[in-house]
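Colleague: So that we are looking at the same thing, I have put the structure below in structure tokens.
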Amino acid sequence: MSAGFKTGFIAVVGRPNVGKSTLMNALVGGKVSIVSRKAQTTRHRIHGVLTQDNHQYIFVDTPGFQTRHGGAMNRMMNRVVTQTLADVDVVVHVVEAGKWSAGDENVVPLLPTAKKCILVISKVDLLKNKNDMFAFTTKILSKFPYDAIVPLSAVKGIQLDILLKEIAHRLPEGEPLFDEEAMTDRSVRFIAAELIREKIFRLVGDELPYSSTVQIEKWDEAEEGVHINACVVVDKEGHKPILLGAKGVHMKRIATEARQDIKEMLGKPVFLEIYIKVRKGWSDKEAALRELGYEG
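Okay, here's the thing in structure tokens:
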């Protein structure tokens, strides 16, 4: 390690569906956190790692803080957010340019005044009237004493370098915690399960994704490729035909698209089989959530 190396944890927080996972993936240069247009896609604390220029940035993607809905899963995810904020060195609060909602308002009281907090105004490329930015930013600054403000677009790669510089100034000196080539602390099995869940969020209706989760039950690597058996756990018997679709069309598409993504991640052929299992009420039982890999 060279003199003056800096390492630190950076929480990426914000309301549901504001683009936290998209931002983290753009910063680390690869897909480590799944994305969809539906809120609450991220359910786990996921670390994305970037090592460059005498710095190691360890980004922590968190679930969107949820106040509209109760239930064991949302309580558990909210605990992940508050625990993460207590443990990190820098907080990046993501808001969408020109859009401030009750969900954004609910995040502000969680921001720790003892930490360095950076306000990221995302999706600036979609803002129709750039002249509105000053009034929008002034309004937010009246709510919390941010250390810096960075307008950017994760999708277009606009000002990501500026955000990294602002974070770097605020990281403590320390040894790198991950190998230079590491992009995440999560296993390929975890990411494979998440990629399958991403397809469910994208391809199936509004209710089912929130009542389903994915477990990898078998992972065998051989010369010809990787054989994976995955189980989609749903909450009700009535969810099975929705997930399957007419003549199994939904499940076929989910499996096909997930297989392709996993193949790209692993760089080898993938043989994927997906099953469906009904476990009534799993998402509202903390013991079941822990058994299925949820933390918090």
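Count the sequence shown with UniProt numbering and you get residues 1 to 296, in order.
Don't be surprised by glycine CBs; every beta carbon is placed ideally from N, CA and C.
Measure the alpha-carbon distance for V270 versus L243 and round it to whole angstroms.
Modeller: Locating residue 270 in the sequence shown gives position 270, counting from the first residue. Locating residue 243 in the sequence shown gives position 243, counting from the first residue. Each residue's alpha carbon lies about 22 Å from the other.
Colleague: Helix, strand or coil, according to DSSP, for D61 in the structure here?
Modeller: The residue you call residue 61 lines up with position 61 of the sequence shown. Residue state, collapsed to three classes: strand.
Colleague: In three-state terms, what does DSSP make of F5?
Modeller: By 1-based counting over the sequence shown, the position of residue 5 is 5. The answer is coil: DSSP assigns F5 none of H, G, I, E or B.
Colleague: Are K143 and V94 close, meaning C-beta to C-beta below 9 Å?
Modeller: Taking the first residue of the sequence shown as 1, we reach residue 143 at position 143. Taking the first residue of the sequence shown as 1, we reach residue 94 at position 94. Cβ distance not < 9 Å, so K143 and V94 don't count as in contact.
Colleague: In three-state terms, what does DSSP make of Q66?
Modeller: Within the sequence shown, residue 66 is the residue found at index 66, counting from 1. Caution is warranted here: a pLDDT of 48 is assigned to Q66, below 50, making its placement in the model unreliable, and no coordinate value can be reported.
Colleague: So, is P172 buried or exposed, given that buried needs 16 or more other C-beta atoms within 10 angstroms?
Modeller: Within the sequence shown, the letter at position 172 stands for residue 172. Under this definition P172 is an exposed residue.
Colleague: CA-CA distance, S283 and S122?
Modeller: Within the sequence shown, numbered from 1, the residue matching residue 283 stands at position 283. Within the sequence shown, numbered from 1, the residue matching residue 122 stands at position 122. About 31 Å.
Colleague: Here's the rule I'm using: 16 or more other beta-carbon atoms within 10 Å means buried, otherwise exposed. How should A26 be labelled?
Modeller: Here residue 26 refers to the residue found at position 26 when the sequence shown is read from its first residue. Buried, because 16 or more other Cβ atoms sit within 10 Å of the Cβ of A26.
Colleague: Could you say if the segment 145-154 and the segment 176-196 meet the contact criterion of at least three C-beta pairs nearer than 8 Å?
Modeller: The segment 145-154, when compared against the segment 176-196, does not touch it at the 8 Å Cβ threshold.
Colleague: Under a three-way DSSP split, which group does S211 fall into?
Modeller: Locating residue 211 in the sequence shown gives position 211, counting from the first residue. Helix, per DSSP.
Colleague: Does the distance from the C-beta atom of V226 to that of Q215 stay below 9 Å?
Modeller: Here the question's residue 226 lines up with position 226 in the sequence shown. Here the question's residue 215 lines up with position 215 in the sequence shown. Going by C-beta atoms, V226 is not nearer than 9 Å to Q215.
Colleague: If you count every other CB in all the chains shown that lies within 10 Å of the CB of P16, and 16 or more means buried, which is it?
Modeller: The count along the sequence shown starts at 1 and reaches residue 16 at position 16. Buried is the call here.
Colleague: Assuming the contact rule is C-beta atoms closer than 8 Å, V278 and K236 should be a hit. Round their C-beta distance to whole Å, please.
Modeller: Here residue 278 refers to the residue found at position 278 when the sequence shown is read from its first residue. Here residue 236 refers to the residue found at position 236 when the sequence shown is read from its first residue. The pair is a contact, with the Cβ atoms about 7 Å apart (cut-off 8 Å).
Colleague: Does the Cβ-Cβ distance between I167 and Y275 come in under 9 Å?
Modeller: Taking the sequence shown and counting its residues from 1, the one referred to as residue 167 is at position 167. Taking the sequence shown and counting its residues from 1, the one referred to as residue 275 is at position 275. In this structure, Y275 does not lie closer than 9 Å to I167 by Cβ.
Colleague: Please name the residue in F5, A255, S211 whose C-alpha comes closest to that of A72.
Modeller: Residue 72 sits at position 72 when you count from the first residue of the sequence shown. Minimum Cα distance to A72 is reached at S211.
Colleague: Is it true that the CB of F178 sits closer than 9 Å to the CB of V13?
Modeller: Taking the first residue of the sequence shown as position 1, residue 13 is located at position 13. Taking the first residue of the sequence shown as position 1, residue 178 is located at position 178. Result no, Cβ atoms of V13 and F178 do not sit closer than 9 Å.
Colleague: Going by DSSP, what residues sit across from V226 in a beta bridge?
Modeller: Taking the first residue of the sequence shown as position 1, residue 226 is located at position 226. Answer is E221, V270.
Colleague: Would you say G293 and F190 are within 9 Å of each other, going by their C-beta atoms?
Modeller: Position 293 of the sequence shown holds residue 293. Position 190 of the sequence shown holds residue 190. Contact flag set, yes.
Colleague: Could you check what DSSP says for V234 in three-state terms: helix, strand or coil?
Modeller: Start at 1 with the first residue of the sequence shown, and residue 234 comes out as number 234. Strand.
Colleague: Considering Cα atoms alone, identify which of G174, I162, F136 is closest to F9.
Modeller: The residue you call residue 9 lines up with position 9 of the sequence shown. Checked all of G174, I162, F136; the closest Cα to F9 is G174.
Colleague: Can S101 and V124 be called in contact, C-beta distance under 9 Å?
Modeller: As a position in the sequence shown, residue 101 is number 101, starting the count at 1. As a position in the sequence shown, residue 124 is number 124, starting the count at 1. No, the Cβ-Cβ distance between S101 and V124 is not below 9 Å.
Colleague: Under 9 Å, do L23 and V107 count as touching if we go by C-beta distance?
Modeller: As a first step, residue 23 must be located in the sequence shown, where it is residue number 23. As a first step, residue 107 must be located in the sequence shown, where it is residue number 107. Contact flag unset, no.
Colleague: Is the Cβ-Cβ distance between V18 and E96 less than 9 Å?
Modeller: Residue numbering aside, residue 18 sits at position 18 when the sequence shown is read from its first letter. Residue numbering aside, residue 96 sits at position 96 when the sequence shown is read from its first letter. Contact: yes.
Colleague: Anyone know if the C-beta pair for L272 and R253 falls short of 9 Å?
Modeller: Here residue 272 is taken as the residue at index 272 of the sequence shown, counted from 1. Here residue 253 is taken as the residue at index 253 of the sequence shown, counted from 1. Not in contact: L272 and R253 (Cβ atoms no closer than 9 Å).
Colleague: Quick one: complete beta strand (DSSP E) runs, 3+ long, within the segment 145-198?
Modeller: 148-151, all fully within the segment 145-198.
Colleague: Kindly indicate which residue of G281, I162, W219 has the alpha-carbon position closest to the one of H239.
Modeller: What you label residue 239 is simply residue 239 of the sequence shown in a count that begins at 1. Per the Cα distances, G281.
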